[in-house]
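K.L.:
All residue numbers for the sequence shown refer to our numbering, where the first residue is 1345 and numbers rise by one.
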Amino acid sequence: MAIVSVDVNKNEIVRPVANFPPSLWGDVFNSYTMDIQLSDMYTEEIKVLKEEARNMLISRDSKLSEKLAFIDTLERLGLSYHFENEIQEQLTLAFNGHLKLEPEENDDLFINSLQFRLLRQHALDAPSSVFERLVENNGEFKKSSLVRDIDDVKGLLSIYEASYLRRTDEEILDKAFSFSKAHLESVAPNLPESSLKKHVSRALYQSHVRGIPRVETHLFISLYGEFESKNESLLRLAKLDFNLLQMQHKMELSEVTRWWKEVDLISKLSFARDRAVECYFWTVGVYSEPQYGIARIMLAKTICMISVIDDTFDAYGTIDELTVFNDAVQKWDISEIDRLPEYMQILYRVLLDLYESFDAELSPKGRSYAVHHAKEAMQQIVGSYYTEAKWFIKGHLPTFDEYMSVAKITSTYYVLTTTSLIGMDNATSQVFDWLLSKPKIVEANVTICRVVDDVGTYEVEKGRGQEATGIDCYMKEHGLSTEVTIDLFYEMAENAWKELNEGLMDNSVTMEIRMRIFNLARLIDVTYTHNGDGYTHPEKLLKPSIVALLVDSFEV
1345 MAIVSVDVNK NEIVRPVANF PPSLWGDVFN SYTMDIQLSD MYTEEIKVLK
1395 EEARNMLISR DSKLSEKLAF IDTLERLGLS YHFENEIQEQ LTLAFNGHLK
1445 LEPEENDDLF INSLQFRLLR QHALDAPSSV FERLVENNGE FKKSSLVRDI
1495 DDVKGLLSIY EASYLRRTDE EILDKAFSFS KAHLESVAPN LPESSLKKHV
1545 SRALYQSHVR GIPRVETHLF ISLYGEFESK NESLLRLAKL DFNLLQMQHK
1595 MELSEVTRWW KEVDLISKLS FARDRAVECY FWTVGVYSEP QYGIARIMLA
1645 KTICMISVID DTFDAYGTID ELTVFNDAVQ KWDISEIDRL PEYMQILYRV
1695 LLDLYESFDA ELSPKGRSYA VHHAKEAMQQ IVGSYYTEAK WFIKGHLPTF
1745 DEYMSVAKIT STYYVLTTTS LIGMDNATSQ VFDWLLSKPK IVEANVTICR
1795 VVDDVGTYEV EKGRGQEATG IDCYMKEHGL STEVTIDLFY EMAENAWKEL
1845 NEGLMDNSVT MEIRMRIFNL ARLIDVTYTH NGDGYTHPEK LLKPSIVALL
1895 VDSFEV
């Protein structure tokens, strides 16, 4: 909330200056035009290479361990969306025991951990008992499991990655995580320069399970090219597919940035963050596949609007202005516009026009209900921003529970979860009803966003004079230091990740829907990593990934 004062001599409102960094991108994406001839060439070659890959995947001559390794490679290369049914069929056969590891592989930590991770990632409830062989009678991990050779490093890495799918009360996986992480950190500096060393270093910096899928794909394609065991046709398929999909993403981004320039909010509301490119990048993190183009554009535009509204409440508006704005949003009626100050009139009109355009897109498909839910979520977040503004003005420090009841909404993740589904034809009215029931996967996702964001933005919020931060509420209620409270917030996030993993198994809705929610949590893990705020300061955390995904293509 902005600290707003009045100059009594001039009777003028003195507003703070947030000094947000400007956009890194200018108009670089506005005029992109797809090379249709190149796109057609890629498409034709991809068709051929896809069939080769499909034949390798379903081959009856390969062992289960080979199938698992191949599936993992397909997923890391960003190709699994082409073979979703085939992959699910193979993993279901393994889960049901119709496909089994060879007897000599039963003690192979690498392949057993890989199987565990793949099954859980695909909502097949693999038991954690595979890790029991690592534990002594006293419950501690065996000292004999220390690294002896390269295969042991690969096994440790596989255990480490699998442990990120642990759930509540899975103590053995908590120990597997601590054990594998400690030993990987110990051996990583001494590994010879190789693709394995790069793989380990990346995994320790950013968990594969919690990473943004498309970012991890770009990194792995480059890494896979260094593997001695690489399949050249698979590598070429991955590069072609990445480049082709990148063309589509750049076309969509061009549409979003042109719209952003046309509505011209940033020149008129110069206090706000100009982050249209980062907003679109987030949508690629939620769903990168070609069929979700409309969904990405709708979500990106919505995030742009939320960002400006957030900055209006946090860094500019007076309480009187915010009162009228909140009232207008709750009424959602263009006739309310004349009550608003001029700068808010611009924002209000763009907001209503945006949702009207959503309805024009979806009503012919009989999906106006989706826009209704998205609009209600927007009204809810604006109302909660207003509650936080009143706390600030009154100097009210809520209890932590009171804070969370509002701050989980202002985390943006209820409105983003809802909006992420409006452009998906498979998101039925029943799916939105399910969202409203606040299932475990949604609540865990929102909690992760809230507490990690609170840590990442704490210093900035304190600099603005904000007292009712989550960390302050918790710290003062429990009589703790800032450092201890931040550690506890990270512990809350870890516990929420465990609940998110549990929620991934909830088959009340399709896996297609659940993965959108899981991917939103991944975005938070990356954007606010290492106590940073990659959205406000994208040059520090997000710029390299944006360049990789939306600027640079692979040479083929």
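Note that CB positions come from ideal geometry on N, CA and C, so glycine has one too.
All of these numbers come straight from a predicted model, not from anything done at the bench.
Using DSSP with H/G/I as helix, E/B as strand and the rest coil, what is residue 1621?
P.N.:
Numbered from its first residue, the sequence shown carries residue 1621 at position 277. Helix at residue 1621.
K.L.:
Roughly how many angstroms lie between the CA atoms of residue 1559 and residue 1889, to the nearest whole one?
P.N.:
The residue you call residue 1559 lines up with position 215 of the sequence shown. The residue you call residue 1889 lines up with position 545 of the sequence shown. The straight-line gap from Cα to Cα measures roughly 6 Å.
K.L.:
Can you name the start and end residues of the alpha helix (DSSP H) that residue 1863 belongs to?
P.N.:
Along the sequence shown, one-based indexing puts residue 1863 at 519. First-last of the alpha helix (DSSP H) with residue 1863: 1855–1871.
K.L.:
List the whole-angstrom C-beta distance separating residue 1374 from residue 1605, where the pair is believed to meet the contact cut-off of C-beta under 8 Å.
P.N.:
Position 30 of the sequence shown, counted from the start, is the residue given in the question as residue 1374. Position 261 of the sequence shown, counted from the start, is the residue given in the question as residue 1605. Right, the Cβ-Cβ distance comes to about 6 Å (below 8 Å), so this counts as a contact.
K.L.:
In terms of residue numbering, what span does the alpha helix (DSSP H) encompassing residue 1687 cover?
P.N.:
Stepping through the sequence shown from its first residue, residue 1687 is reached at position 343. It spans 1686–1706 - the alpha helix (DSSP H) in which residue 1687 sits, taken as one unbroken run.
K.L.:
Using only the alpha-carbon positions, how far apart do residue 1756 and residue 1468 sit?
P.N.:
To locate residue 1756, count along the sequence shown from 1; it is residue 412. To locate residue 1468, count along the sequence shown from 1; it is residue 124. Using only the alpha carbons, I get a separation of about 30 Å.
K.L.:
If you draw a straight line from the alpha carbon of residue 1796 to that of residue 1785, how long is it in whole angstroms?
P.N.:
In the sequence shown, residue 1796 corresponds to position 452, counting from 1. In the sequence shown, residue 1785 corresponds to position 441, counting from 1. Roughly 17 Å between the two C-alpha positions.
K.L.:
Cα separation between residue 1899 and residue 1672?
P.N.:
Mapped onto the sequence shown, residue 1899 falls at position 555. Mapped onto the sequence shown, residue 1672 falls at position 328. Spanning the two alpha carbons is a distance of roughly 52 Å.
K.L.:
Does the ligand NAP have even one heavy atom less than 8 Å from the beta-carbon of residue 1799?
P.N.:
Inclusion of the ligand NAP in the displayed structure is not the case, the ligand content being empty and no account of it being possible.
K.L.:
Between residue 1669 and residue 1823, what straight-line distance do the alpha-carbon atoms span, to the nearest angstrom?
P.N.:
Sequence index remark: in the sequence shown, residue 1669 carries index 325 (1-based). Sequence index remark: in the sequence shown, residue 1823 carries index 479 (1-based). Using only the alpha carbons, I get a separation of about 37 Å.
K.L.:
Evaluate contact between the segment 1864–1873 and the segment 1521–1535, counting only Cβ atoms and requiring at least three cross-stretch pairs below 8 Å.
P.N.:
No, the segment 1864–1873 is not in contact with the segment 1521–1535.
K.L.:
Does residue 1766 come out as helix, strand or coil in the three-state DSSP assignment?
P.N.:
Start at 1 with the first residue of the sequence shown, and residue 1766 comes out as number 422. Looking at residue 1766 - three-state DSSP - the assignment turns out to be coil, as it is neither helix nor strand.
K.L.:
Quick check: residue 1378 and residue 1594, are their CB atoms within less than 9 Å of each other?
P.N.:
One-based indexing of the sequence shown puts residue 1378 at position 34. One-based indexing of the sequence shown puts residue 1594 at position 250. Taking 9 Å as the Cβ cut-off, residue 1378 and residue 1594 qualify as a contacting pair.
K.L.:
Can you confirm whether residue 1834, when its beta carbon is compared against all beta carbons of chain B, has any partner nearer than 9 Å?
P.N.:
The structure shown has no chain B; it contains just one protein chain.
K.L.:
I need the straight-line Cα distance from residue 1885 to residue 1418, nearest angstrom please.
P.N.:
Taking the sequence shown and counting its residues from 1, the one referred to as residue 1885 is at position 541. Taking the sequence shown and counting its residues from 1, the one referred to as residue 1418 is at position 74. For residue 1885 and residue 1418, the distance between alpha carbons rounds to 27 Å.
K.L.:
Starting from residue 1603, trace the alpha helix (DSSP H) in both directions and tell me its first and last residue.
P.N.:
Here residue 1603 refers to the residue found at position 259 when the sequence shown is read from its first residue. Run containing residue 1603: 1576–1607, per the alpha helix (DSSP H) assignment.
K.L.:
Going straight from the alpha carbon of residue 1815 to that of residue 1750, what length do you get?
P.N.:
As a first step, residue 1815 must be located in the sequence shown, where it is residue number 471. As a first step, residue 1750 must be located in the sequence shown, where it is residue number 406. Going by the C-alpha atoms only, they are around 14 Å apart.
K.L.:
Just to confirm my understanding: we take residue 1425, look at its own chain, exclude 5 residues before and 5 after, and list those with CB closer than 6 Å. What are they?
P.N.:
The residue you call residue 1425 lines up with position 81 of the sequence shown. Excluding residues within five positions, the ones whose Cβ falls inside 6 Å are 1633.
K.L.:
Do you know whose CA, among 1647, 1664, 1733, 1366, lies nearest residue 1699's CA?
P.N.:
One-based indexing of the sequence shown puts residue 1699 at position 355. Out of 1647, 1664, 1733, 1366, 1647 has the C-alpha closest to the C-alpha of residue 1699.
K.L.:
May I ask you to report which of helix, strand or coil DSSP gives residue 1305?
P.N.:
In the structure displayed, the chain extends from 1345 to 1900; residue 1305 sits before or after that span and is not available.
K.L.:
Just confirm the distance between the C-beta atoms of residue 1821 and residue 1743, as a whole number of angstroms; I'd bet it's less than 8 Å.
P.N.:
By one-based count along the sequence shown, residue 1821 stands at place 477. By one-based count along the sequence shown, residue 1743 stands at place 399. Sure, about 6 Å apart at Cβ, within 8 Å.
K.L.:
Could you tell me if residue 1382 is buried or exposed, where buried requires 16 or more neighbouring beta carbons within 10 angstroms of its beta carbon?
P.N.:
Stepping through the sequence shown from its first residue, residue 1382 is reached at position 38. Burial call: exposed.
K.L.:
Going residue by residue through the segment 1710–1788, where are the continuous alpha helix (DSSP H) segments of at least 4 residues, counting only ones entirely within it?
P.N.:
With a minimum length of 4 residues, the continuous alpha helix (DSSP H) runs that stay inside the segment 1710–1788 are 1712–1738, 1744–1754, 1757–1764, 1773–1780.
K.L.:
Would you mind stating whether residue 1499 and residue 1539 have Cβ atoms separated by less than 9 Å?
P.N.:
The residue labelled residue 1499 in the question sits at position 155 within the sequence shown. The residue labelled residue 1539 in the question sits at position 195 within the sequence shown. It is not a contact, given that the beta carbons lie outside the stated cut-off.
K.L.:
Go ahead and label residue 1440 buried or exposed: buried means 16 or more other beta carbons lie within 10 angstroms of its beta carbon, across all protein chains shown.
P.N.:
As a working note, residue 1440 is residue 96 in the sequence shown. Residue 1440 is exposed by the Cβ-count criterion.
K.L.:
Answer yes if the segment 1542–1554 comes into contact with the segment 1577–1593, meaning at least three C-beta pairs across the two stretches below 8 Å, and no otherwise.
P.N.:
Output reads no: the segment 1542–1554 does not touch the segment 1577–1593.
K.L.:
If we call anything under 9 Å between Cβ atoms a contact, is residue 1842 one with residue 1511?
P.N.:
Looking up residue 1842 in the sequence shown gives position 498. Looking up residue 1511 in the sequence shown gives position 167. A contact, by the Cβ cut-off of 9 Å.
K.L.:
Starting from residue 1891, follow the alpha helix (DSSP H) in both directions and report where the run begins and ends.
P.N.:
In the sequence shown, counting from the first residue as 1, residue 1891 sits at position 547. Per DSSP, residue 1891 belongs to the alpha helix (DSSP H) from 1887–1894.
K.L.:
Which same chain residues, not among the five before or five after residue 1812, have their C-beta less than 8 Å away from its C-beta?
P.N.:
Here residue 1812 refers to the residue found at position 468 of the sequence shown. Excluding sequence neighbours, residue 1812 sits near 1732, 1735, 1736, 1740, 1741, 1742, 1747.
K.L.:
Residues bridged to residue 1479 by DSSP?
P.N.:
Position 135 of the sequence shown, counting from 1, holds the residue named residue 1479. DSSP lists 1485 as partners of residue 1479.
K.L.:
Is it the case that the segment 1617–1633 contacts the segment 1700–1708, given that we only count it when at least three CB pairs across the two stretches are under 8 Å?
P.N.:
No, they do not touch.
K.L.:
Does DSSP put residue 1357 in a helix, in a strand, or in coil?
P.N.:
Mapped onto the sequence shown, residue 1357 falls at position 13. Three-state result, residue 1357: strand.
K.L.:
On the premise that residue 1571 lies in contact with residue 1519, defined as a C-beta separation below 8 Å, what is that separation, rounded to the nearest angstrom?
P.N.:
Numbered from its first residue, the sequence shown carries residue 1519 at position 175. Numbered from its first residue, the sequence shown carries residue 1571 at position 227. Rounded, the Cβ-Cβ distance is 31 Å, inconsistent with contact.
K.L.:
Please confirm whether residue 1879 and residue 1617 have their CB atoms less than 9 Å apart.
P.N.:
Walking along the sequence shown from the start, residue 1879 turns up at place 535. Walking along the sequence shown from the start, residue 1617 turns up at place 273. Their beta carbons are under 9 Å apart, which means residue 1879 touches residue 1617 by this criterion.
K.L.:
Looking at the structure shown, is residue 1554 part of a helix, part of a strand, or coil, going by DSSP?
P.N.:
Along the sequence shown, read from residue 1 onward, the residue named residue 1554 stands at position 210. Residue 1554: coil per DSSP, three-state reduction.
K.L.:
For residue 1620, is the classification buried or exposed, using 16 other Cβ atoms within 10 angstroms of its Cβ as the cut-off for buried?
P.N.:
For the purposes of this step, residue 1620 is taken as residue 276 along the sequence shown, with counting starting at 1. Residue 1620 comes out buried.
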